[in-house]
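Data first, discussion second: the structure below is written as C-alpha cells.
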Amino acid sequence: NGPQGSGKTTLSGVLTECFSLCGEPAVTISIDDFYLTRLELEQLAQENPTNPYLQMRGFPGTHDIGLGLEILTKLKAINKGEEVWIPRYDKSAHSGKGDRRPKTEWAKAGSDIRVVIFEGWMLGFRPFVGSNTSDVSLRKINSFLPEYEAWYRQLDSFIHLDATDENQVVLWRVEAEKNMKMQGLEGMTEEEVKTYVSHFLPAYAAYLPGLRQHPLCSGHNLHLDIGPNRLPLIK
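Given below as C-alpha cells:
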C-alpha cells in the first residue's frame, strides 16, 4: 500500500527485476488492473448520481472483486504448471478516463513465478464501524470494503509506504500525469488531476489511521514513512 504517486509502481517494477536477477522470477499486479470496465463504471456512476466518489474510478466499489480473486487464487497456485493471464488497465484510454485492455493485451505469467507483488493505494483499507463520518457518500464506499477481505486473505506479507503529508499526493499525481504525457499517452490536465485527487483525501483521513494501527498481515509487515522525495524517513 502507498498513496497515489508515492512510487508504488516504480518500486514494484524494480523489485520484480531484482527478484528475477536473483533467480526468483516475479510478477507485479496492480489493484488498478481489476477496475470495472469503462461501461460498468459508467453504469455504477448512473446508479449513484449523488455520490461523487463513484463518478470516477479508484474507490472501493469500482473494482471487479470476482476477477481479482480469480487471478490472485490462480497466482497462488501457479507453480502447479498453469499459466495465468493477468488483466491490464489502460489509464490513458478515453482521454484519461481509462478502460480495461482487451484480453489480447493481458500479461502472461509463467509457472516459474516465485514472487507476486500486488500494489494499490487502498490495499489494506478496512471498514470503519458505526458513524465514523458525517459524509454519507463515504459511508456508501465503506459498505463495499468487506468484499475486499477476499483479496486480503490471499496475501502473505504487507508493506505500507506512508506519506507524512497527505497533501503531497496531489503534487505526486500531477508529476506522474506529466510523465505519462511525455511518453505520448493521453492524460488529464493539471486542474483535472487536482480535482481528481482531492476526492480521495477524505478516504485517506478515514482509513489510514486504522491501517497504521492494525497492519494487514500479522507478523509480516513493513511500515515505511516516506517524505516528499519518496525516500524513507530516518527517525
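Counting from 135, one number per residue, gives the positions in the sequence shown under our numbering.
Think of the CB as a built atom: it goes at the ideal place given N, C-alpha and C, for glycine as much as any other residue.
Residue i beta carbon near the ligand FAD (any heavy atom closer than 7 Å)
i: Gly258; result: In the structure shown, the ligand FAD is absent, as is every other ligand, since no ligand is present at all.
Residue i vs residue j beta-carbon contact at 8 Å
i: Gly202; j: Leu345; result: no
i: Lys242; j: Gly232; result: no
i: Pro186; j: His294; result: no
i: Ile199; j: Ala337; result: no
i: Leu149; j: Ile220; result: no
i: Glu300; j: Leu335; result: yes
i: Ile360; j: Ser164; result: no
Segment limits, alpha helix (DSSP H) that includes residue i
i: Ile275; result: 270-278
i: Asn313; result: 302-316
i: Leu209; result: 199-210
i: Trp285; result: 283-286
i: Gln180; result: 172-181
First and last residue of the uninterrupted beta strand (DSSP E) at residue i
i: Phe252; result: 249-253
i: Ala160; result: 160-164
i: Phe153; result: Run containing Phe153: none in the beta strand (DSSP E); it sits in the alpha helix (DSSP H), 142-155.
i: Trp219; result: 218-220
i: Leu295; result: 292-297
i: His357; result: 355-360
i: Lys214; result: Run containing Lys214: none; DSSP gives neither H nor E here.
i: Lys242; result: 241-243
Own chain, CB closer than 7 Å to residue i, minus 5 neighbours either side, in chain order
i: Pro280; result: Pro261
i: Ser229; result: Glu320
i: Gly244; result: Glu217
i: Gln302; result: Pro362
i: Gly215; result: Ser245
i: Met314; result: Ser226, Gly321
Cut-off 6 Å between Cβ atoms - residues of its own chain near residue i, not counting five sequence neighbours on either side
i: Tyr341; result: Phe259
i: Val249; result: Phe153, Glu158, Ala160
i: Met190; result: none
i: Gln138; result: Trp255, Val303, Arg307
Close-in-space but distant-in-sequence residues of the same chain around residue i (CB under 8 Å, 5 per side omitted)
i: Thr207; result: Gln288
i: Arg172; result: Ala227, His228, Lys231, Gly232, Asp233, Arg234
Local conformation of residue i per DSSP, three classes
i: Lys231; result: coil
i: Asp246; result: coil
i: Pro366; result: strand
>> Which runs of the alpha helix (DSSP H) at least 4 residues long sit entirely within the segment 322-348? Give them in chain order.
In response: 324-332, 335-347
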